[in-house]
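The structure appears below as structure tokens.
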Amino acid sequence: MNDLISLNHGSGGKQTHELIKKVFVKKFGMTEPLTDSAILKEMGKTLVFTTDSYVIDPLFFPGGNIGKLAICGTVNDLAVSGAEPKYIAASFIIEEGFPVNDLVTIAESMADEATNAGVKIVTGDTKVVEKGKCDRLFITTSGTGILDYSQEHISTGKRIKPGDKLIINGPLGNHSIAVAGARNKLSFTTPVTSDCASLNHLIEGVLKSCKEIHFMRDLTRGGLAGVMNELAGMINSGIIADEASIPVDDPVRGVCEILGFDPLYLANEGKLLIVTSAEEAEKVLEILRSDALGAFSSIFGEIVPDKRNLVVLNTSVGGKRILDMPSGAQLPRIC
Amino acid sequence: MCLSIPAKIVSIDGSMAEVSVGGSLFKAGLHMIENAKVGDYILLHAGFAIQKISEEEAAETLKILKEISDTLNE
Amino acid sequence: MKFIDEYRDKDLIENLSSQINKSVIHDYTFMEVCGGHTAAIHRFGIPSLLSEKIRLISGPGCPVCVTGTDFIDKAVTYSEMEDVIITTFGDLVRVPGSASSLEKKRVKGADIRVVFSGLEALEIARANPDKKIIFLAIGFETTAPGTAVTVKQADKEDINNFFVLSAHKIMPPAMEAIVSEGVNIDGFICPGHVAAITGSSIFGFIPEKYKIGCVITGFEPTDLLQSILMLITQVNNSSPFVEIQYKRAVTVKGNTIAQKDLKEVFEPCDAIWRGFGVIPSSGLRLQNNYGKFNADIQVPVSIDYKEDDSRCICGEILRGMKTPEQCPLFANICVPENPVGACMVSNEGSCNTWYKYKIVR
């Protein structure tokens, strides 16, 4: 590992996992597999507990802002573990000179999104640092929720078996591309808006009617390809995915073609992967599609036995290629 | 090398154009292209239009591909 | 998306592949010299569509991967200067020099900005008159005209804090170096976007002198397959020549305006190719009358040039003579995180993919 932290350590790929394993898991004596939320058994109930920090440039982007993101992200981390999100703590690190009006707008978005998701923001903290000591505003949110014992297997995927189907709830890459466009450093403009959304009601609908949900994960850093690689390793199987069944909007495709990005590796803030039994897949799809947040859901892949844990993509033109674990952030290419 | 993608010219301002790929807009230098018009497709590479795309040749290539494809089905 | 999706039609591709596989009468090895082709072949999974008798190998056509360590070392040295802003295409940021990379320097606070074009670098120069803006100019004939236009623009506006560190290269000398040293290939899949600028004639010497067929190829799956079919037909008929598949963008003459810009601003020079060493007259440097924009002249730095590890067999791998496993450095000294030769630098390079799929897992 390099001596200094680089941006690659935050990109959700190989380097991120290496850092977490070598520094935190080891020092804190945590147990693997690492999931988005910790599952805690106290006082006769099963609680899930998660935390996430939000740093984003720009703070306001088409489809949301850092505040909305901070609620959705934590709600989604809880919801994909199968839990019902309940309470949120929010803490703010603010740079000296930050406009109070912007802070009010951001807080309003957080309140709206919390109402939307049905969670309560119950505690928080505020620190102000000297100019230059942070970039305008950082938010950390932590959340707890209650997990029904029948869903405890979801975050580790231990019930997954070969033949299980993979489902996503809509087109990939919109968040990444909307934010990159708004950042205006790569000099393109795009009609794309971030998919930033709380998915707990969508998930609740699925869990209520379907008994064979074997795994869920939100598709943030590292994108679908990153999550599929993690999953394949976690359950010691392979995955076959069908590119033609993975939706990507045209303006996102356009940016990806020009800059040499792969939408399967781009971050999303309102997308999740669901693994379900083959028998129940169509039913899950139907429920997802009946919700606006899942209108473009699609069954796109399957779990297969493979000790090498490869994720193989059947390309849209009929070929095959291996999807790697992402390594470092994607950089625009000319070649 | 040389990632270059067909893009449609949507507006022209002097030697610079705005071009669209799937609805996302990029800037393209027209310095190396003659008589570019709004609606033309150019190849965009590293911020410059490097060549106009010939509609006739594009159609011709597709025709040849379909012929090859059809021979197989005969 | 027009001019993209129609060339990705699955049925067309299936039929083209069958037609290719029907035309195969013995083994064929074709080399794509362009990194963009390598990427497209990988991305669409083209080899899985083809008969095992057809082998596709990757030549030296990724300008990033073949950029010499001397160039990266210079860029890294510049990035350490207080008053310098480095502007670069994203591709170069991770490429290691002999001791460091731009990415590692950025971690330590160097001002390194990723740009999409030379004009953006020039914009940064206008906005930061008290800084020296150094533009890392890489790329072949496709990219170099953009740098030429940018330099002419800087000259017109009399901008005096914009400097070009040129590692621009031209394709024919490298292809000649490959074929003249002996190579196991039956045909070249030639770079369509280089030819969009240069025209098709630059490849003429290959069939004439070396009796190897050349098809100038586009970057969509049907383009690649149609070209492979054209090359097989050339081989089967024993009639190698330069054929244009990518007619919608390539003519015999090419883009004469771009050629004129190139000639006006650049002149040929010897250049170092990672894994190959020096190839005579294969690089482009600024002409004397644009010397005020030449970083080498205006902001001179000295670096300890270290030759690449001589045990690296990148050149032979690129020529299709050896496989990565025959290299003594492979997977011990030379790994994706610390690559020696070009084939390990590129994500799609032979050594890199070999390492990922055949060794690690």
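Chains as they are written, first to last, in our numbering: chain A, 1 to 335; chain B, 1001 to 1074; chain C, 2001 to 2361.
Don't be surprised by glycine CBs; every beta carbon is placed ideally from N, CA and C.
- Around the beta carbon of C:Q2326, fewer than 16 other beta carbons sit within 10 angstroms, so the residue counts as exposed.
- Taking each of C:I2112, C:V2064 and C:I2228 in turn and checking the Cα distance to C:N2347, the smallest one comes out for C:V2064.
- Under the 10 Å beta carbon count, C:E2120 is surrounded by 16 or more other beta carbons and is classified as buried.
- In this structure, the beta-carbon distance from A:G73 to A:T193 does not fall below 7 Å.
- Pairing A:G13 with A:I88 gives a Cβ-Cβ distance that is not under 7 Å.
- Identification of chain A residues near C:T2143 by a Cβ-Cβ cut-off of 9 Å yields I334 and C335, ordered along the chain.
- Look at B:I1068: its C-beta is under 7 Å from a C-beta on chain C.
- Interface with chain C (7 Å Cβ-Cβ cutoff): B:E1018 is excluded.
- Nearest CB-CB separation between C:M2001 and chain B: below the 7 Å threshold.
- In this chain, the beta strand (DSSP E) harbouring A:K320 covers K320 to I322.
- Excluding sequence positions up to five before and after C:I2054, its CB lies within less than 6 Å of the CB of Y2028, all in the same chain and listed in chain order.
- Under a 10 Å Cβ-count criterion, C:D2073 is classified as buried, with 16 or more other Cβ atoms of the shown protein chains found around its own Cβ.
- C:F2203 and C:M2171 have their alpha carbons spaced roughly 9 Å apart.
- Contact between C:L2122 and C:D2296 does not hold, since their C-beta atoms are separated by about 19 Å, which reaches or exceeds 8 Å.
- If you draw a 10 Å sphere on the C-beta of A:N174, you find 16 or more other C-beta atoms in it, and that means buried.
- Closest in alpha carbon position to C:L2262, among C:V2151, C:T2088 and C:I2133, is C:V2151.
- Residue pairing for A:G238: DSSP places it in a beta bridge opposite A:V304.
- Chain-ordered, the chain C residues with CB closer than 7 Å to the CB of B:L1062 read E2006.
- For the pair C:A2144 and C:H2168, the CB atoms are nearer than the 7 Å cut-off.
- Residues of chain B with a Cβ closer than 7 Å to the Cβ of A:R253 are, in chain order, G1022.
- Straight-line measurement puts the Cα of A:C335 at about 15 Å from the Cα of C:G2118.
- A Cβ-Cβ distance of about 19 Å is found for the pair A:A117 and A:S53, leaving them out of contact under the 8 Å criterion.
- Approximately 24 Å separates the beta-carbon atoms of C:G2291 and B:A1046; this is outside 8 Å, ruling out the contact.
- Annotated three-state conformation of C:Q2019 is helix, per DSSP.
- Listed by position along chain A, the residues whose Cβ is nearer than 9 Å to that of B:I1005 are G254, E257 and I258.
- For the segment 2211-2240 of chain C, the beta-carbon criterion of a distance under 8 Å to any beta-carbon of chain A is satisfied by P2221.
- Fewer than three pairs of CB atoms, one per stretch, sit closer than 8 Å, so the segment 123-142 of chain A makes no contact with the segment 181-190 of chain A.
- Contact annotation: the segment 286-300 of chain A does not touch the segment 91-100 of chain A, with fewer than three C-beta pairs closer than 8 Å.
- With the rule of 3 Cβ pairs closer than 8 Å, the segment 2132-2143 of chain C counts as touching the segment 2075-2093 of chain C.
- Distances from the alpha-carbon of C:Q2153 to those of B:T1061, B:E1034, B:A1049 and B:G1029 put B:G1029 closest.
- When the Cα atoms are used, C:M2175 and C:Q2234 turn out to be separated by approximately 19 Å.
- Here A:T31 carries a coil assignment [DSSP, helix/strand/coil].
- Nearest in C-alpha terms to C:A2249, of all of B:L1065, B:E1067 and B:E1057, is B:E1057.
- For C:C2190, the three-state secondary structure derived from DSSP is strand.
- Listed in chain order, the beta strand (DSSP E) elements of length 3 or more contained wholly in the segment 2244-2273 of chain C are 2266-2273.
- In chain order, G2045 and S2048 make up the part of chain C whose C-beta sits under 7 Å from the C-beta of A:K320.
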